[in-house]
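Each residue of the sequence shown is one higher than the one before, starting from 2 at the first, in this note's numbering. First comes the structure, then the notes that go with it.
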Amino acid sequence: MPRRMRIILSNCPPERAEAIATALVEERLAACVNVLPGVRSTYRWRGKVEREAETTLLVKTSAGTLERCTARLRELHPYECPEILVFSPEIAESFAPYVAWVREETTGGSGRGS
2 MPRRMRIILS NCPPERAEAI ATALVEERLA ACVNVLPGVR STYRWRGKVE
52 REAETTLLVK TSAGTLERCT ARLRELHPYE CPEILVFSPE IAESFAPYVA
102 WVREETTGGS GRGS
């Protein structure tokens with residue numbers, strides 16, 4: 002089976018970031034979630050330009066777990082239309098033990114990593 006992983010980028014309110022990250026990891030939908038505070042977002046919503054303080058989540062998951070992970074992220078996310086962007090890293094250029102660890106952690110195996 003190919004060792005495929007995905008990285009999800011999602012911005013959320015700072016007060017919800019840790020709870021979302023913890024739930025995704027505890028439920029084995031993500032191997033790791035980086036919580037990057039201090040983001041300022043400017044966007045148009047319903048005809049009005051908005052500016053908000055947000056926190057960026059970088060969610061590392063396996064390709065096989067992606068659908069369940071994004072569905073759960075949608076459930077946990079407070080926004081009506083959350084930003085959920087999925088990136089497919091070049092596995093051949095990625096550190097193989099880390100990619101393997103992501104897969105193990107999101108498919109119920111045991112492994113090490115950070």
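Glycine residues also receive a C-beta, built at the ideal position from the N, C-alpha and C atoms.
Between S63 and R5, the CB-CB gap stays under 8 Å. Put simply, of P14, R47, T66, C13 the residue whose alpha carbon is nearest the alpha carbon of R29 is T66. Taking C-beta atoms under 8 Å as the contact rule, R7 and V100 fail to qualify, at a distance of about 11 Å. In this model, P15 and G109 are separated by some 29 Å (Cα to Cα). Bridge pairing for V87: I9 [DSSP]. Spanning the alpha carbons of R75 and A97 requires a straight line of approximately 29 Å.
Per DSSP, L67 lies in no beta strand (DSSP E); the unbroken alpha helix (DSSP H) holding it starts and ends at 67-77.
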